[in-house]
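If you read the sequence shown in my numbering, its first letter stands for residue 79, the second for the next number, and so on. Take a look at the structure set out below.
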Amino acid sequence: MNGAPASIAGGRTPELVDLVRGPDLSRSLKGFVAEAVDGVAVFTARGAPHAIAASEASPLSRWGQLPAEATHALRRGDASFGLLGHRFDVRPLYAGAERVGALVVSRRADADPQGEVPARTDAIAGLLGHVHREGRISRAA
């Protein structure tokens, strides 16, 4: 993670690349791809992929842009949507009060009978919000 502060000089809204490097974030997200979850992705505020950790079976592994369904879900305040036999939990990502991107967590539509993935998605979004506010993750040597 690059150690940049969440506030950017001149008061402009920070970009995700100013807050955390995509390859570092992708490696960190891999740990969440397990059990019912087959993909986790972070998209910029403009909808471009910033970091993706997904199995080959996950539609997220092929998304080159945040799909319209996710954008509509964010605008409506919905937490999830269905597409291609999958359920996608989507959350906005913030750096302070500024929306800097979106988190999408993917699972097969028949996975997660206990309904645990939405709570995991909230936890990942909260963790990423903390990283964006702090501008870094401390690494162990």
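Each residue gets a CB set at the ideal place from its N, CA and C atoms; glycine is no exception. No experiment lies behind these values; they were computed from the predicted model shown.
On the criterion of 16 or more Cβ atoms from any shown chain inside 10 Å, does residue i qualify as buried, or is it exposed?
i: Ser136; result: buried
i: Arg177; result: exposed
i: Ala187; result: exposed
i: Gly81; result: Legend: pLDDT at Gly81 = 46, less than 50; position of this residue unreliable, value from coordinates given subsequently. Gly81 should be labelled exposed.
i: Ser184; result: buried
i: Gly163; result: exposed
i: Ala151; result: buried
Determine the extent of the beta strand (DSSP E) in which residue i is found, giving its start and end residues.
i: Val168; result: 164-173
Which residues in the same chain have their Cβ closer than 7 Å to the Cβ of residue i, if we skip the five residues on either side of it in sequence?
i: Leu144; result: Phe121, Gly125, Ala180
i: Gly100; result: His128, Ala129
i: Arg217; result: Unreliable positioning characterises Arg217 in this predicted model, as indicated by a pLDDT of 41, which lies under 50. The coordinate reading is nonetheless provided below. Contacts found: none.
Since residue i and residue j should fall inside the 8 Å C-beta cutoff, what is the C-beta to C-beta distance between them, to a whole number of angstroms?
i: Ala114; j: Val168; result: About 16 Å; that fails the 8 Å criterion.
From the DSSP secondary-structure annotation, give me the bridge partner or partners of residue i.
i: Ser104; result: The partner list for Ser104 (beta bridge, DSSP) is empty, contrary to what the question assumes.
Which residues in the same chain have their Cβ closer than 6 Å to the Cβ of residue i, if we skip the five residues on either side of it in sequence?
i: Ala189; result: Ala114
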